[in-house]
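Structure first, then comments.
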Amino acid sequence: MALALAAGADGMSMGSRFIASKDSEFHDNYKDIIPPAKANDTIVRTGNLSIIRMWRNKYSTAKGVIKSKEEKIAEEQAIIKKRSVMSQEELKEEYKKDFIKNYAIYEGDVESGIVPLGQSISSSSPEVVGYLIFLALESPSINCSYF
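Using this note's numbering, the letters of the sequence shown correspond one by one to residues 1154 to 1300.
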């Protein structure tokens, strides 16, 4: 963290570290992939709302790569057109399929859906409180402000 801030970062996302912590409530299957994972075990793909970095699994390798702006716009327009003629029931089913892919990880399924995972993965799974104390001691010159 100190290195990233010293290099000019305004902040960083540390979700994977907290997910992997011993005291998090995430499924053990999710927590167990984080400490041994390496940065090249992740892949960037287009998500439902934006691009997302996720664990390289069966789902992510079958999902399309990030496209050019024009291709992405065309893809989104095709989805809008398709959904505009669907019944409410069909729309519910389509959204349900998307939800299941997004929710699979919370049930412990690390292959059939999105497994959000950052590049900065560690080899340990500390307890959250201990990790926060470590970060505070490691980076004493960090200025914290609250909005």
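Positions of the beta carbon are idealized from the N, C-alpha and C atoms, including for glycine.
Our contact map puts residue i next to residue j with C-beta atoms below 8 Å; I'd like the distance itself, whole angstroms only.
{"i": "K1305", "j": "Y1212", "result": "This structure cannot speak to residue 1305, because the chain is shown only from 1154 to 1300."}
{"i": "V1263", "j": "I1187", "result": "The pair is not a contact, with the Cβ atoms about 11 Å apart (cut-off 8 Å)."}
Exposed or buried, what is residue i when buried is set at 16 or more other beta-carbons lying within 10 Å of its beta-carbon?
{"i": "N1210", "result": "buried"}
{"i": "I1267", "result": "buried"}
{"i": "I1226", "result": "exposed"}
{"i": "Y1299", "result": "Legend: pLDDT at Y1299 = 43, less than 50; position of this residue unreliable, no value from coordinates given."}
{"i": "A1215", "result": "exposed"}
{"i": "I1233", "result": "exposed"}
{"i": "A1190", "result": "buried"}
Looking at residue j and residue i, is the spacing between their C-beta atoms short of 8 Å?
{"i": "S1174", "j": "G1271", "result": "no"}
{"i": "I1196", "j": "P1269", "result": "no"}
{"i": "R1236", "j": "E1247", "result": "yes"}
Return the residue from the list the options that minimises the CA-CA distance to residue i.
{"i": "A1257", "options": "T1199, K1216 and H1180", "result": "H1180"}
{"i": "N1193", "options": "T1199, S1203, N1182 and M1207", "result": "M1207"}
{"i": "E1229", "options": "K1249, T1214, S1203 and E1242", "result": "S1203"}
**Request:** Tell me the start and end of each unbroken alpha helix (DSSP H) in the region 1225-1255 that is at least 4 residues and wholly inside, in chain order.
**Result:** The qualifying runs do not exist here; there are none.
**Message:** To test your reading of the DSSP string, which unbroken alpha helix (DSSP H) runs of 4 or more residues are found completely within the region 1154-1216?
**Reply:** Runs of the alpha helix (DSSP H) inside the region 1154-1216: 1155-1159, 1168-1172, 1181-1186 and 1211-1215.
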